[in-house]
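Student:
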Amino acid sequence: MSSEPSLPGGRIALVDVNNFYVSCERVFDPALEGRPVVVLSNNDGCVVARSEEAKQLGIATGTPWFKVAPEAGRWGLVARSSNYELYGDLSARVMEVLGRFGSWQEVYSIDECFLGLPGDERQLLGTAARIRSAVMRHVGVPVCVGVAGTKTLAKFVNHIAKRNPHMQGVCSLDSMPAAEVARIQSRVPVTGLWGVGGRTAKRLNAMGIETVADLKAADPQLIRKRFSVVLQRTVLELNGTACIPHSEERADKQQIMFSRSFSTPVTTAEEMDQVMAVYAQRGAARMAAQGLNASVLTVTAGTSRFAGGEKSFPSASARLPVPTQDPIQLTRAAVATMRTCISEGTQYVRAGVLFTGLEPADGQQTLDPFVSDLDQRHIGDLLGSVRAKFGEAAIGLGQGGLAVPAAWSMKRDFSSPRYTTEWSDLPVVRA
DNA sequence: TCTGGGGTCCTAGGACCC
DNA sequence: TCTGGGGTCCTAGGACCC
């Protein structure tokens with residue numbers, strides 16, 4: 001991966017999949033085409049993705065499902081539980097196709113990436129159109145492509161491509177008349193930019209900076225002084241100076257988290273022990289997959305932010321005696337640490353385990369002196385291979401090994417099959 | 001009745017050392 | 001005994017993203 005943000009004359013494309021989760025569902029269920037569709041968060045809690053038709057109905061991201069469910073029948077609205085096995089797999093396929101077009105590629109999220117596009121400016125629109133049709137042909141999901149000289153501008157013109165159907169999903173800044181660009185920038189509020197959220201916008205507005213054009217004209221030094229180097233970069237990038245570096249392939253993660261809300265509140269310490277056993281093992285499996293050991297563990301719990309009654313968000317940290325990814329030690333530490341900070345009878349609706357102080361495991365396991373070496377050395381590998389063969393729920397330690405889901409475990413009422421990652425879920429085609 | 005789950009980066013402030 | 005300032009490391013919290 002190149003460390004140069006852009007070669008002279010080179011351009012950056014921001015490619016993202018339209019309504020990614022919904023588009024994934026449609027690949028395997030074409031009957032969803034043209035219908036309003038939403039994908040729900042864990043526990044079928046709230047709307048995290050919407051088709052165009054669902055947006056037309058006025059359903060906002062983050063709307064709790066129970067608020068729209070009563071209207072679903074009347075609207076012909078289809079809901080799906082989130083199916084991350086499917087989305088993750090299709091994402092990898094999309095990224096592989098996109099990677100063929102760039103001199104470099106930076107995968108930014110599950111559904112978008114930046115690509116380096118060298119070459120003649122006059123050919124950029126053609127390249128963008130070819131990218132679009134390649135992804136549609138090979139994976140079957142629609143994308144939009146924005147091309148400009150900096151990442152911030154590429155994001156911005158991608159937005160323009162999305163909003164203007166006549167552009168057919170592609171927009172290149174070089175192909176737009178300067179007056180047209182200025183006109184659009186003077187109408188779009190600053191929150192339309194990558195990196196500018198509600199809080200920052202409020203403070204900018206107080207200074208009289210309301211639109212993208214206003215921010216572009218602002219003094220970078222002043223912005224740095226009043227805000228941060230991050231916002232200063234936004235100003236520079238709006239003016240064509242590429243200054244957001246590539247984040248290289250992120251092998252060096254800073255933290256690993258496993259956090260979930262419950263389908264039913266947890267009120268006793270015994271139940272919370274079970275939760276910690278399951279969550280710590282899930283986190284440990286992630287660390288094993290990435291070859292990392294943790295030296296600090298933090299547990300968190302929380303009551304509902306919406307229900308009346310007492311609110312509390314306890315959390316506690318513990319330094320591990322030695323950095324480890326061992327599920328036994330991590331489970332024991334998580335259970336004990338959580339016991340120190342929760343109170344019996346409180347209605348907790350969520351909990352999490354966070355691992356930090358990560359370092360490469362280097363193949364050598366650190367062993368707990370109170371458990372036989374032989375058992376420990378093999379237990380992580382053993383759990384991993386059993387899960388790979390028989391599925392995630394096949395085996396676990398202690399309460400984590402319960403075959404019957406606990407009362408608090410996740411709800412996924414409208415899940416689609418894992419078409420591409422589970423043999424038993426392969427779609428059947430009849431001719 | 002029912003409201004997500006990950007992450008990143010930056011900054012400020014305290015502890016500690018020289 | 002009193003006083004100074006710079007540097008580093010760590011953590012908590014804020015803001016943002018998808």
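Take the first sequence: its letter number 372 is residue 372 in full-length UniProt numbering, and every next letter is one higher.
Heads up, the beta-carbon is just placed ideally off N, CA and C, and yes, glycines get one too.
Does DSSP put Ile256 in a helix, in a strand, or in coil?
Tutor: Here residue 256 refers to the residue found at position 256 of the first sequence. Residue state, collapsed to three classes: strand.
Student: Have a look at the DSSP bridge pairing and note the partners of Thr298.
Tutor: Position 298 of the first sequence, counted from the start, is the residue given in the question as residue 298. DSSP lists Ser317, Leu354 as partners of Thr298.
Student: Determine the extent of the alpha helix (DSSP H) in which Gln105 is found, giving its start and end residues.
Tutor: Along the first sequence, read from residue 1 onward, the residue named residue 105 stands at position 105. Run containing Gln105: none in the alpha helix (DSSP H); it sits in the beta strand (DSSP E), 105 to 109.
Student: Please report how far the alpha carbon of Ser82 lies from the alpha carbon of Asp326, in whole angstroms.
Tutor: By one-based count along the first sequence, residue 82 stands at place 82. By one-based count along the first sequence, residue 326 stands at place 326. Their backbone Cα atoms lie some 29 angstroms apart in a straight line.
Student: Does DSSP put Ile342 in a helix, in a strand, or in coil?
Tutor: Residue 342 sits at position 342 when you count from the first residue of the first sequence. If DSSP states are grouped into helix, strand and coil, Ile342 belongs with coil.
Student: State the DSSP-derived secondary structure class of Pro30, mapped to helix, strand or coil.
Tutor: Counting from 1 along the first sequence, the entry for residue 30 is found at position 30. Reduced to three states, the DSSP call for Pro30 is helix.
Student: Under 8 angstroms Cβ to Cβ from Thr267, same chain only, skipping five residues before and after it: list those, please.
Tutor: Here residue 267 corresponds to residue number 267 of the first sequence, with the count starting at 1. For Thr267, same chain residues with a beta-carbon under 8 angstroms away, outside a window of 5 residues either side, are Glu344, Gly345, Thr346, Gln347, Tyr348 in chain order.
Student: Can you tell which of Tyr21, Arg350, Ser409, Gln281 has the C-alpha that lies nearest to the C-alpha of Pro142?
Tutor: In the first sequence, residue 142 corresponds to position 142, counting from 1. Scanning Tyr21, Arg350, Ser409, Gln281 for the CA closest to the CA of Pro142 turns up Tyr21.
Student: Taking C-alpha atoms, which residue in Thr61, Gly34, Leu40 lies nearest to Trp75?
Tutor: Against the first sequence, residue 75 aligns to sequence position 75. Ranking the options by Cα distance to Trp75, first place goes to Gly34.
Student: Hey, Tyr419 and Phe28: beta-carbon distance below 7 angstroms or not?
Tutor: Residue mapping note: residue 419 aligns to position 419 of the first sequence, counting from 1. Residue mapping note: residue 28 aligns to position 28 of the first sequence, counting from 1. Yes. Within cutoff.
Student: Taking 6 angstroms as the limit between beta carbons, can you name the residues of its chain near Gly302, skipping five residues before and five after?
Tutor: To locate residue 302, count along the first sequence from 1; it is residue 302. Closer than 6 angstroms at the Cβ level, and outside the excluded window around Gly302, lie Phe313, Arg350.
Student: Going by DSSP, what residue range makes up the alpha helix (DSSP H) through Ala280?
Tutor: For the purposes of this step, residue 280 is taken as the residue at position 280 of the first sequence. DSSP places Ala280 inside the alpha helix (DSSP H), whose first and last residues are 269 to 290.
Student: Could you check the C-alpha separation between Thr234 and Thr152 for me, to the nearest Å?
Tutor: Sequence index remark: in the first sequence, residue 234 carries index 234 (1-based). Sequence index remark: in the first sequence, residue 152 carries index 152 (1-based). For Thr234 and Thr152, the distance between alpha carbons rounds to 7 angstroms.
Student: With distances taken between CB atoms, is the gap from Val170 to Ala13 smaller than 7 angstroms?
Tutor: Against the first sequence, residue 170 aligns to sequence position 170. Against the first sequence, residue 13 aligns to sequence position 13. When the beta-carbon positions are compared, Val170 and Ala13 stay at least 7 angstroms from each other.
Student: How is Asp413 classed by DSSP in three states: helix, strand or coil?
Tutor: In the first sequence, counting from the first residue as 1, residue 413 sits at position 413. Three-state DSSP puts Asp413 in coil, outside helix and strand.
Student: When you compare each of Val47, Arg137, Val188, Ala134 to Val157 by their alpha carbons, which one comes out closest?
Tutor: Residue numbering aside, residue 157 sits at position 157 when the first sequence is read from its first letter. Nearest option by C-alpha distance: Val188.
Student: Using only CA atoms, which one of Ala60, Ala49, Asn293, Val275 lies nearest to Gln255?
Tutor: Your numbering for residue 255 matches position 255 in the first sequence. Looking at the Cα atoms, Asn293 is the closest of the given residues.
Student: Could you pull the start and end residues of the alpha helix (DSSP H) that Ala92 belongs to?
Tutor: The residue labelled residue 92 in the question sits at position 92 within the first sequence. From DSSP, the alpha helix (DSSP H) with Ala92 extends over 84 to 99.
Student: Within a Cβ cutoff of 6 angstroms, which residues of the same chain sit near Val429, ignoring the five residues on either side of it in sequence?
Tutor: Counted from its first residue, the first sequence places residue 429 at position 429. If we look at Val429 and ignore the five residues flanking it on each side, it has no Cβ neighbours.
Student: What is the C-beta distance between Ala201 and Val190, in whole angstroms, given that I count them as a contact (C-beta under 8 angstroms)?
Tutor: Walking along the first sequence from the start, residue 201 turns up at place 201. Walking along the first sequence from the start, residue 190 turns up at place 190. That pair is a contact at about 5 angstroms.
Student: According to the Cβ coordinates, are Ser317 and Thr300 closer than 7 angstroms?
Tutor: Start at 1 with the first residue of the first sequence, and residue 317 comes out as number 317. Start at 1 with the first residue of the first sequence, and residue 300 comes out as number 300. No, the pair does not count as a contact, with Cβ atoms beyond the cut-off.
Student: In its own chain, which residues sit with a C-beta less than 6 angstroms from the C-beta of Arg134, not counting the 5 before and 5 after it?
Tutor: In the first sequence, residue 134 corresponds to position 134, counting from 1. Residue identity differs from the one stated: residue 134 is Ala in this sequence, not Arg. Same-chain partners within the cutoff: Val97.
Student: Suppose contacts are defined by Cβ-Cβ distances below 7 angstroms. Is Val38 in contact with Val47 by that definition?
Tutor: Locating residue 38 in the first sequence gives position 38, where the first residue counts as 1. Locating residue 47 in the first sequence gives position 47, where the first residue counts as 1. A contact, by the Cβ cut-off of 7 angstroms.
Student: Taking 7 angstroms as the threshold (C-beta atoms), are Tyr87 and Cys144 in contact?
Tutor: Within the first sequence, numbered from 1, the residue matching residue 144 stands at position 144. Within the first sequence, numbered from 1, the residue matching residue 87 stands at position 87. In this structure, Tyr87 does not lie closer than 7 angstroms to Cys144 by Cβ.
Student: Less than 7 angstroms between the C-beta atoms of Pro220 and Leu238, yes or no?
Tutor: Taking the first sequence and counting its residues from 1, one reaches residue 220 at position 220. Taking the first sequence and counting its residues from 1, one reaches residue 238 at position 238. Result no, Cβ atoms of Pro220 and Leu238 do not sit closer than 7 angstroms.
Student: DSSP beta-bridge partners for Val170?
Tutor: Here residue 170 is taken as the residue at index 170 of the first sequence, counted from 1. Val145, per the DSSP bridge assignment.
Student: Determine, using beta carbons only, whether Trp408 and Phe306 come nearer to each other than 7 angstroms.
Tutor: Within the first sequence, the letter at position 408 stands for residue 408. Within the first sequence, the letter at position 306 stands for residue 306. It is not a contact, given that the beta carbons lie outside the stated cut-off.
Student: Expressed to the nearest angstrom, what Euclidean distance is found between the alpha-carbon atoms of Pro321 and Gly357?
Tutor: Numbered from 1 along the first sequence, position 321 holds the residue referred to as residue 321. Numbered from 1 along the first sequence, position 357 holds the residue referred to as residue 357. If I take the Cα positions, the gap works out to 13 angstroms.
Student: Pull up the distance between the alpha-carbon of Ser185 and that of Ile160, whole angstroms please.
Tutor: In the first sequence, counting from the first residue as 1, residue 185 sits at position 185. In the first sequence, counting from the first residue as 1, residue 160 sits at position 160. Note that residue 185 is Gln in the sequence shown here, rather than Ser. Just so you know, the alpha carbons of Gln185 and Ile160 end up roughly 10 angstroms apart.
Student: Report yes if the C-beta distance between Pro323 and Ser295 is below 7 angstroms; otherwise report no.
Tutor: Mapped onto the first sequence, residue 323 falls at position 323. Mapped onto the first sequence, residue 295 falls at position 295. Between Pro323 and Ser295, the C-beta spacing is below 7 angstroms.
Student: Using a 10 Å radius around the Cβ and a threshold of 16 neighbouring Cβ atoms, would you call Val17 buried or exposed?
Tutor: On the first sequence, position 17 is the one that residue 17 refers to. By the 16-neighbour rule on beta-carbons within 10 angstroms, Val17 is buried.
Student: Since Glu121 and Thr421 are thought to touch, with beta carbons under 8 angstroms apart, how far apart are those beta carbons, to the nearest angstrom?
Tutor: One-based indexing of the first sequence puts residue 121 at position 121. One-based indexing of the first sequence puts residue 421 at position 421. Going by Cβ atoms, the distance from Glu121 to Thr421 rounds to 41 angstroms, so no, they are not a contact pair.
Student: Between the Cα of Ser109 and the Cα atoms of Arg26, Met95, Gly308, which residue gives the shortest distance?
Tutor: Numbered from its first residue, the first sequence carries residue 109 at position 109. Closest by alpha carbon: Met95.
Student: Please state whether DSSP places Asn164 in a helix, a strand or coil.
Tutor: Counted from its first residue, the first sequence places residue 164 at position 164. The answer is coil: DSSP assigns Asn164 none of H, G, I, E or B.
Student: Skipping 5 residues on each side, what residues in its chain have a beta carbon closer than 7 angstroms to that of Asp413?
Tutor: Working through the first sequence from its first residue, we reach residue 413 at position 413. Excluding sequence neighbours, Asp413 sits near Asp44, Ser81.
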